[in-house]
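Engineer: Please find one structure pasted underneath; my questions will follow.
There are 2 protein chains.
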Amino acid sequence: MKEAKPRVYFATKNRGKFLEAARVADSFKISLKHLKFEKQEIQAWNLTEIASHAAFQAAKVTNKNVVAEDAGFFVRALNGFPGPYSSYVFKTLGLEGILRLMRNVGNREAYFQAAVAYCKPSHRPVCFTGIVKGRVARHKRGTQGFGYDPIFIPSGGDERTFAEMGTDEKNLNSHRAKAFARFCRWFLGRSHGVSSETS
Amino acid sequence: MKEAKPRVYFATKNRGKFLEAARVADSFKISLKHLKFEKQEIQAWNLTEIASHAAFQAAKVTNKNVVAEDAGFFVRALNGFPGPYSSYVFKTLGLEGILRLMRNVGNREAYFQAAVAYCKPSHRPVCFTGIVKGRVARHKRGTQGFGYDPIFIPSGGDERTFAEMGTDEKNLNSHRAKAFARFCRWFLGRSHGVSSETS
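Heads up: the protein sequence lines correspond to chains D and U, in order.
Residue 38 is where the first sequence starts when you use the numbering used here, and the numbers rise one by one after that.
Residue 38 is where the second sequence starts when you use the numbering used here, and the numbers rise one by one after that.
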């Protein structure tokens, strides 16, 4: 008899995020289902806290095994700003606001981080993170992607921003893909009776 | 027989906020008690949503009649930024960050807003707001108060910033005092059988 794929629900309103995650899950033979659920986001300095709370809440309300994700853009010279509030800051200040804050700032280190939390109803959530390091560009460049992509140059590559890369190239090693891959490895180990809650 | 003062619990970790609110409540003969409770703050564009959620959650957990408050500093030219995330932005960008974003910006309109939500266990919260309008100063001035006070000049006064006023003078017509006074008027009407949930 063919063994059924383990099934997990991804609570997100964002279809792009779901497709990116589903591709990672599929490579681990995990069936990721789209749960169109408005997740509850708390205010916190830490993405893992935000994602864990969202997963816990979604599992409780829907009575399903869910993952919830949160991501942010962190600029070192701005003490991590915009961090957990990247979406709000993007909509209010925009990229121009970040570039203005970074004018004449020498240290341009920045990173994208994603946190993926998994939760079963009435259980404690388990959280996994992924990071892409890089720096803030002097000017925006490129038209692909979204959010802070046009001003982020990942380390270890050429000088292109995320917005100058195709979605496939960007997603291959994105913070979100890394966090989801960590979750998938843990999840598979766990569904075979192995416990390894390191993240 | 002497009638007991109506009693409400203010869920806050901040003693300064409690004292400011207690003074307002006292002038309405309402007994405000300090509930040292870490309120849950959700991410939202709207302070009323944040305060209402916090009050609902605190009432549920403590089984008391509570008020919860949220406040923010809104700059019109920055699309309301930092708004609901004023505290985080103050800790990361600081006043210098706001002044940098406002350099050479003509429209300096800004306001402080507070939202005070009242909730009985298992009831829907009711929310009241208060606003102080003014503008963003060119430079910070004054040493009193906290947060954005040194760069906020309230309308209708002289050219002093909030940080150049004494606490008493500032609090007399603060956004927080206004929101609490609105709550108190409603609460007294309600405890005498009059329903007036306008805010």
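Each residue gets a CB set at the ideal place from its N, CA and C atoms; glycine is no exception.
Given the structure is predicted, the values throughout are model-derived calculations rather than measurements.
Please tell me whether residue 116(U) has its Cβ less than 8 Å away from any Cβ of chain D.
Structural biologist: yes
Engineer: Taking only three categories from DSSP, how would you classify residue 192(D)?
Structural biologist: coil
Engineer: From residue 132(D) to residue 66(U), what distance separates their C-alpha atoms?
Structural biologist: CA-CA distance, residue 132(D) to residue 66(U), rounds to 50 Å.
Engineer: Could you tell me the alpha carbon to alpha carbon distance between residue 89(U) and residue 125(U), rounded to whole angstroms?
Structural biologist: 20 Å
Engineer: Among 97(D), 104(D), 144(D) and 107(D), which has the Cα closest to the Cα of residue 116(D)?
Structural biologist: 144(D)
Engineer: Residues of the stretch 140-153 of chain D with a CB closer than 9 Å to any CB of chain U: list them in chain order, please.
Structural biologist: 140
Engineer: Rounded C-beta distance between residue 152(D) and residue 106(D)? I'm assuming under 8 Å.
Structural biologist: 7 Å
Engineer: Can you tell me the Cβ-Cβ gap for residue 162(U) and residue 174(U), rounded? I've got them flagged as a contact below 8 Å.
Structural biologist: Not really, about 35 Å apart at Cβ, beyond 8 Å.
Engineer: Counting only Cβ pairs nearer than 9 Å, list the residues of chain U close to residue 85(D).
Structural biologist: By Cβ distance, chain U contributes nothing, its closest Cβ being about 15 Å from residue 85(D), past 9 Å.
Engineer: Mind listing which residues of the stretch 76-106 of chain D have their C-beta closer than 7 Å to chain U's C-betas, in chain order?
Structural biologist: 77, 78, 79 and 80
Engineer: Find out if the Cβ-Cβ distance for the pair residue 167(U), residue 127(U) is shorter than 8 Å.
Structural biologist: no
Engineer: Over the uninterrupted alpha helix (DSSP H) stretch that includes residue 131(U), give me the two end residues.
Structural biologist: It spans 131-138 - the alpha helix (DSSP H) in which residue 131(U) sits, taken as one unbroken run.
Engineer: Give a yes or no on whether the C-beta atoms belonging to residue 165(D) and residue 111(D) are separated by under 8 Å.
Structural biologist: no
Engineer: Considering only the alpha carbon of each residue, which of 186(U), 201(U), 46(U) and 218(U) lies closest to residue 97(U)?
Structural biologist: Nearest of 186(U), 201(U), 46(U) and 218(U) to residue 97(U), Cα basis: 46(U).
Engineer: Give the list of continuous alpha helix (DSSP H) stretches no shorter than 4 residues that lie fully inside the stretch 99-185 of chain D.
Structural biologist: Qualifying alpha helix (DSSP H) stretches, in chain order: 123-129 and 131-138.
Engineer: Do residue 78(U) and residue 95(U) have their CB atoms nearer than 8 Å?
Structural biologist: no
Engineer: At 7 Å on the CB atoms, spell out the chain D contacts of residue 49(U), in chain order.
Structural biologist: Residues of chain D passing the Cβ test: none, with the nearest at roughly 15 Å.
Engineer: Show which residues of chain U have a CB atom less than 9 Å away from the CB atom of residue 137(D).
Structural biologist: 137, 138 and 140
Engineer: If the criterion is Cβ atoms closer than 8 Å, does the pair residue 54(U) and residue 213(U) meet it?
Structural biologist: Yes, Cβ-Cβ distance for residue 54(U) and residue 213(U) is below 8 Å.
Engineer: Out of curiosity, what's the CA-to-CA distance linking residue 61(U) and residue 69(U)?
Structural biologist: 9 Å
Engineer: By the 7 Å beta-carbon criterion, what residues does the stretch 165-198 of chain U contribute toward chain B?
Structural biologist: The structure shown has no chain B; the protein chains it does contain are D and U.
Engineer: How is residue 64(U) classed by DSSP in three states: helix, strand or coil?
Structural biologist: The answer is helix: DSSP assigns residue 64(U) an H, G or I state.
Engineer: Within its chain, find whatever has a CB closer than 7 Å to the CB of residue 235(D); leave out the 5 residues flanking it on each side and keep chain order.
Structural biologist: Confidence is the limiting factor: at residue 235(D) the pLDDT is only 37, short of 50, which leaves the residue's position unreliable, though a coordinate-based value still follows. Hits under 7 Å: none found.
Engineer: Going by beta-carbon coordinates alone, are residue 179(D) and residue 206(D) separated by less than 8 Å?
Structural biologist: no
Engineer: Determine the burial state of residue 56(U): buried for a count of at least 16 other Cβ atoms within 10 Å of its Cβ, exposed for fewer.
Structural biologist: exposed
Engineer: Around the Cβ of residue 41(U), are there at least 16 other Cβ atoms within 10 angstroms (buried) or fewer (exposed)?
Structural biologist: Burial call: exposed.
Engineer: Listing by chain order, which chain D residues have their CB less than 7 Å from the CB of residue 125(U)?
Structural biologist: 122
Engineer: Which of helix, strand or coil does DSSP assign to residue 197(D)?
Structural biologist: coil
Engineer: Do we get a CB-CB distance below 8 Å when we pair residue 130(D) with the residues of chain U?
Structural biologist: Interface flag for residue 130(D) against chain U is set, since a Cβ pair is found closer than 8 Å.
Engineer: Please list, in chain order, all residues of the same chain as residue 218(U) whose beta carbon is under 6 Å from its beta carbon, the five residues on each side excluded.
Structural biologist: If the five residues before and after residue 218(U) are omitted, its C-beta is found closer than 6 Å to the C-beta atoms of 61, all from its own chain and listed in chain order.
Engineer: Would you list the one or two residues that DSSP bridges to residue 70(D)?
Structural biologist: 46(D)
Engineer: Enumerate in chain order the residues of its own chain whose CB-to-CB distance from residue 157(U) is below 7 Å, with the five nearest sequence positions on each side excluded.
Structural biologist: 96 and 102
Engineer: Would you mind sorting residue 193(D) into buried or exposed? The rule is 16 or more other CB atoms within 10 Å of its CB.
Structural biologist: exposed
Engineer: Going by C-alpha to C-alpha distance, which of 100(D), 211(D) and 82(D) sits closest to residue 160(D)?
Structural biologist: 100(D)
Engineer: Using the DSSP secondary-structure output, state which residues sit across from residue 87(D) in a beta bridge.
Structural biologist: Answer is none; residue 87(D) lacks a bridge partner.
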